[in-house]
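Residue numbers (full-length UniProt numbering): 1 to 171.
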């Protein structure tokens, strides 16, 4: 099977109303890696396996949660309210084990207060994973959503991933 890498830079989120299209760009093969400056309700974007969103992009957590990608990397700060929305939607979406979304965070001291605030907002368990402060939402009998930073202390990245159940332990 042939796969393609695709870079899309869109400056208007609207498709022409009379176009009858559901995508800015129709492909005949799956998109393996997508780099885009804006997330749209777009069939080609939604089906990409890996998504990269650069620093100057605009992101909507509701649209982001509908992406079917197994790996999403964002070089933007993800507002805390959008993280809550995104985690709720991911918990309901049935993402497979191995799913991972990485983003910069607005608050650099992620381990001190931010993770606990997010855990309380999401009614999640406060856990630890590989020595990192974390919070966990059980998804089903086999998997859980774990949210943590990239370092033991003073993390600057937020990592949201689906792991096998029992990966994180209660703290």
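Every residue, glycine too, gets a C-beta built ideally from N, C-alpha and C.
Contact check, residue i vs residue j, beta carbons under 9 Å
i	j	result
residue 37	residue 63	no
residue 167	residue 150	no
residue 49	residue 66	no
residue 90	residue 162	yes
residue 105	residue 138	no
residue 135	residue 118	yes
residue 61	residue 44	no
residue 122	residue 100	no
residue 39	residue 58	yes
In DSSP terms, what residue i is bridged to
i	result
residue 130	DSSP, once it has assigned bridges, lists no residue as partnering residue 130.
residue 174	Since the first residue shown for the chain is 1 and the last is 171, residue 174 is missing from the structure and cannot be characterised.
residue 118	According to DSSP, which records beta bridges pairwise, residue 118 is partnered with nothing at all.
residue 146	136 and 161
residue 58	38
residue 125	136
Where residue i falls: helix, strand or coil (DSSP)
i	result
residue 172	Lying before the first or after the last residue shown, residue 172 is absent from the chain, which here runs from 1 to 171.
residue 51	strand
residue 139	coil
residue 31	strand
Exposed unless 16 or more other CB atoms sit within 10 angstroms - verdict on residue i
i	result
residue 95	buried
residue 155	buried
residue 142	exposed
residue 46	buried
residue 124	buried
residue 160	buried
residue 133	buried
residue 170	exposed
residue 81	exposed
Next item on the list: Examine the Cβ distances between the stretch 58-78 and the stretch 112-129 and report whether three or more of them are shorter than 8 Å.
Entry: Judged by Cβ distances under 8 Å, the stretch 58-78 makes no contact with the stretch 112-129, as fewer than three pairs qualify.
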